[in-house]
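Numbered per mature numbering (1 follows the signal peptide of the UniProt record, and there is no 0), the sequence shown spans residues -22 to -1, 1 to 696.
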Amino acid sequence: MFTMNFVFILLIIIISVLNINAYRKEINDGDDDADFIDIGIRLTGDNKDYLVADLIAEENDLFNAGLIHGIGLHHLRIQRRHNRRSKRAINDIIEELQRDRRIADVAVGHFLERQKRDFVHDDALEALYRQYRTWKDSHLSVDIDPDFKNSSLKMSFDDELYQKQWYLENEGQLNTPADHDMNVIPAWLAGYSGKNVTICIIDDGLDHIHEELRDRYQPQFSYDLNDLNDTEHDPSPRTYDSANNHGTRCAGAASGKANNGMCGVGVAYNSNIAGIRLLDGRITTLLEARALTLFAVNTSIKSASWGPTDDGTKMEAPGPLVNAALDYAVTHGRHGKGVLFVWASGNGGVASDDCGADGYVSHQNVISIGSINHLGKSTYFGEFCPSTMAVAYTGGRHARSAHEPFMPVGVVAADVGGKCTTKFFGTSGAAPVAAGGLALVLEANPELTYRDVMHIIAETSRIPNLSETEDWMINGAGFHVSDKFGFGVLDIGQMTALAQNWTNVNPRYECYHEYKGSSLPLGIGATVEVNLDVDKCENVTYLEHVTANVSFIYHRRGDVKITLISPSGTTSEMLSYRDNDSTDKGIKYFPFMSVHKWGESPIGRWTLRVETRTPQNHDAEKSATRNDAGELNYFGLRLFGSYISDDSKNNMQKRKASEAFVPSSNELEWIYKRELSIRQSPNVMQKRDYQNLVDERQRRRETSDESLFSIFRKKFGF
C-alpha cells in the first residue's frame, strides 16, 4: 500500500510540474502585446454605417469583428494573416484612429486575468495533497444503498447515472440524508423541463456534438471569441481534455439530455443550449463585454463559472465597458425582459478570499450562486459575502480535514470527448445547476423579468441546515439572510409554483447619497463609523440591491473589515479580513453590494463601520504608526428598489417595517422545519408568512426564547 501511494504521489508531482510548465507557456508565449490588438471605435453621428467601420479597419490592416451592442463600439482586432506587430506599430495605429474624423471615441482593450471556478486555490503542497485525496476519494465505493429500491425514485429516467444525482432527487439512495436536494421533482411533474428557454454557457468551449447536448444545440446563438481564424465561429474546445472541459461540464449540468441511456439529466433537460468560447485565450475588457452582450435578445440565461482569481489578494470590479454591457443585457436582452446572469460566487475560501472583493458577483444585475454539500453545509472553499443570492447543492467537504466524511459524488455532467463525470464540484457546478432551475422558472412564466426572478428567489429559498445557525439574520422585511447562504438554498419546485401567477414587479429606480465630511484617519486596531441620513429616495420604498461605494488607503488592505448597517438594523459584512491581501494600495470607489436589505425601507440612518485589526505580522505593524496607518476617504450609498403602494397588485411585496434581529436556534428550527414540511406542497411557502414571527418578536422583546418558541408552536401548530 505504501509503495502504491508513493508511486502515485511521485506521478502526481511529475504531472503537476508538466501541467504548470504547459500552463505558463500557454499564458506567457507572446506576452509582449505586440502580437495582439483589441480596439473599440465609436463612430461620429454621420458615420454609423457598418461599411464605414469595415473601411476604417481595412485602412489600418485590422479586422472588424462586429458591433458590441449596448456600448456602440465596433470591435477591431488584428488581421488573421499577421502573427506579430511591434508595439510601436500598434501605438501608431491607435494614434491614427484617434486622429480620424470619422471616429468619435477609441477604446483600447485591457488584458484581464480570469480563472475558472473549478480550481480551489491553495499553496503547492496543499494542492498536491488535494490531488492525492481526490485520487483516494475516486476509489471509494459510491454504490446505491442495497436496501434502496429504484421504484422509490419519483422519476424513471433511463440515464445510467441518474440514481447518483442526489442533488436533484435525494431519497437516501447514496446513504446520505434524504431531502437534501434542489426540490426539482414537483417542477418536473408539473411538466416543466426548460422548453423554449435558451441557456448560454460563457466559458472555455462547448463540446456540442456530445450526445447530451447536440440535439438542442443552438449554433446561431453561439460564438468563438478566442480564434479569429475560425470563420464559422464554432465554440468547440481547442483540446478535448481536462484543460478545456469546464464549459461542457457546465452545459451538461444545466441542460443534459434525458432518457438517452448515458450520463445523467440536466436540471432543464429540454432547454436549448448555446456556448460562447471566451476563456481559452487572452481576455480583454472588450472581449468580456462582447461575451456578455452577444445574442442577448435571443438568450434567456447566461451562466458564468469564472471570474477574477480567487487567491485572496485581488479586488476587481467591472469597468465602464462591462458595466454598460450588463446594463444593456438586462434592459434589452430577452426581448426587453432581461437576460438572467447566473454567476459562481467563487472557490477562494481556503485562501480567506471574500466574494465581496469580486465586483462581478457583487453586481446588481447578477444572480450570485454559492455551493453547499450533501448535508446542506457550507464548503471549506466557499466564499461568503452579502451579495450571494442563494446556494445550490454540489457536494464537497465542509471542513478541510481529510477525516471528515466525504461523499465523492458531485454534480453529474457531460464531459468532453463524449464522456461523463460524477465529480463536478464547487461553485462552478452550482451556477449551471441554478441556471437550469431558473430555466424551469422561465418556462413556467415566460413574462418574468430578470428582477422578478430575483424576487422569486428571495421569496422561496430555504434554510439548508440547522448546524450553522450563527450566520442567519431576519431583516427588517422578514427575509432570512446569510453571508454563507444568501436567502437560502434554491427550491425549484417552490419557485416554479410561485412563478405561474406572479405579477411583474414595478420598475427599478435608484438614488444616491454620499457622506460629505472630511476624510477620517484609520489607525491600527481602530473602529471608525460614518453615519449617512437618508430622508428621501424618490420612487424607492422597497429596497432590492444596496451598494456602498468606498475609498480608503491603508498600509495593509487585508486588515480592513467593512460593515454596513441599515436603518432597520440589518448588518452586512461587506468586506471581511483577508489574510493574503498585503497590498498598501487601498481601494478607490469600490462597489460593495448587499441583498440583505431586500424589502426594507431606505429611509433613516445608515452606518458604515470600518474596522482594522492588529497585523498578525509584526513587521507590517512597524511599517506604519498606530494612528496614521490610513484613512477613509469616501462613502457613497447607491440604493436600488421600486415603489410599492398599499394598493399594489403584487401582494408579495407588501411588508410591515420591523427591526432586524438575530433569530434564536429555536426560531431557526421552526422556520427550517416549516419550510421543509411544505417543500413538495403545491402551496407556496412565502417569506411574508414570517411576518407573524417578526410581529411576535417585536411585541415580546423581553420574552425568553423558550417562551417565544412556545408561542410559535401554539400559533402555527408546530
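A virtual CB, placed ideally from N, CA and C, is assigned to each residue, including glycine.
Item, Value
"For a test of the three-state rule: what should DSSP assign to M432, helix, strand or coil?", "helix"
"Hey, I543 and V528 are a contact pair by Cβ (cut 8 Å); roughly how many whole angstroms apart?", "Going by Cβ atoms, the distance from I543 to V528 rounds to 14 Å, so no, they are not a contact pair."
"Could you pull out every unbroken alpha helix (DSSP H) segment of at least 4 residues lying fully inside the stretch 285 to 355, listed in chain order?", "298 to 310"
"For a quick check, are the C-beta atoms of K462 and V588 less than 9 Å apart?", "no"
"Might you give, ordered along the chain, the residues of its own chain that have their beta carbon closer than 6 Å to the beta carbon of A102, omitting 5 neighbours on each side?", "Because A102 sits at a pLDDT of 43, beneath the cut-off of 50, its placement in the model cannot be relied upon, and the following sentence gives the value as read from the coordinates. Answer for A102: no residue qualifies."
"Do you know offhand how far M571's Cα is from F362's?", "12 Å"
"Considering only residues of the same chain and omitting the five flanking positions on each side of T548, which have a CB-CB separation below 8 Å?", "M451, N453, G454, V459, H574, K575, E578 and A638"
"Counting pairs of beta carbons, one from the stretch 279 to 287 and one from the stretch 169 to 185, are three or more of them closer than 8 Å?", "yes"
"Using the rule of at least 16 other Cβ atoms within 10 Å of the residue's Cβ for burial, across every protein chain shown, is A391 buried or exposed?", "buried"
"Looking only at its chain, what residues have a beta carbon closer than 8 Å to the beta carbon of L654, apart from the 5 residues adjacent to it on each side?", "D157 and R440"
"What's the gap between the Cα of G608 and the Cα of R591?", "12 Å"
"Inspect the CB distances between the stretch 548 to 568 and the stretch 419 to 435 and report whether three or more fall short of 8 Å.", "no"
"Within the same chain, show all residues whose beta-carbon is closer than 7 Å to that of L617, passing over the 5 residues directly before and after it, in chain order.", "E488, C489, C515, V518, L521, V524 and P580"
"Would you tell me roughly how many angstroms separate the C-alpha atoms of G503 and Y532, rounded to the nearest one?", "12 Å"
"Quick check on DSSP: helix, strand or coil for T590?", "strand"
"Out of D449, M552, V512 and V419, point me to the one whose CA is closest to V162's CA.", "V419"
"Quick one, which of D16, L167, G48 and S550 has its alpha-carbon nearest A307's?", "G48"
"Hey, H53 and L257 are a contact pair by Cβ (cut 8 Å); roughly how many whole angstroms apart?", "Not a contact, Cβ separation roughly 18 Å."
"Who are the Cβ neighbours of I71 in its own chain at under 6 Å, not counting the five residues just before and after it?", "N38"
"One question on the structure: do I251 and L184 come within less than 9 Å of each other, judged by their Cβ atoms?", "yes"
"Am I right that residue 697 and G414 are in contact with their C-beta atoms under 8 Å? What's the rounded C-beta distance?", "The question about residue 697 has no answer, for the chain in this structure spans -22 to 696."
"Rounded C-beta distance between G172 and A417? I'm assuming under 8 Å.", "4 Å"
"Can you list, in chain order, the residues of its chain whose CB lies under 6 Å from that of D83, leaving out five sequence neighbours each side?", "R20"
"Per DSSP, residue 719 forms a beta bridge with which residues?", "No answer is possible for residue 719: it lies beyond the span of the chain, which begins at -22 and ends at 696."
"Bridge partners for G44 per DSSP, in chain order?", "H53"
"If you draw a straight line from the alpha carbon of G464 to that of N204, how long is it in whole angstroms?", "34 Å"
"Of the choices W166, G150 and Y145, whose alpha-carbon is the least far from that of M133?", "W166"
"Need the endpoints of the alpha helix (DSSP H) that H523 sits in, please.", "Not the alpha helix (DSSP H): H523 falls in the beta strand (DSSP E), residues Y520 to Y532."
"Let me check one thing: in DSSP terms, what residues is V86 bridge-paired to?", "I17"
"Can you find a CB in chain C that lies within less than 9 Å of the CB of Y621?", "The structure shown contains no chain C; it holds only a single protein chain."
"Measure the alpha-carbon distance for H376 versus H352 and round it to whole angstroms.", "10 Å"
"To the nearest angstrom, how far is the alpha carbon of S445 from that of I350?", "13 Å"
"Go through its chain and collect everything with a Cβ distance to R55's Cβ below 7 Å, but skip five positions before and after it.", "I15, D16, L40, F41, A43 and L206"
"Measuring only the C-alpha atoms, how far is S623 from R534?", "47 Å"
"Just to confirm the assignment, what range does the alpha helix (DSSP H) spanning M473 have?", "I470 to A477"
"Helix, strand or coil: how does DSSP classify L617 here?", "strand"
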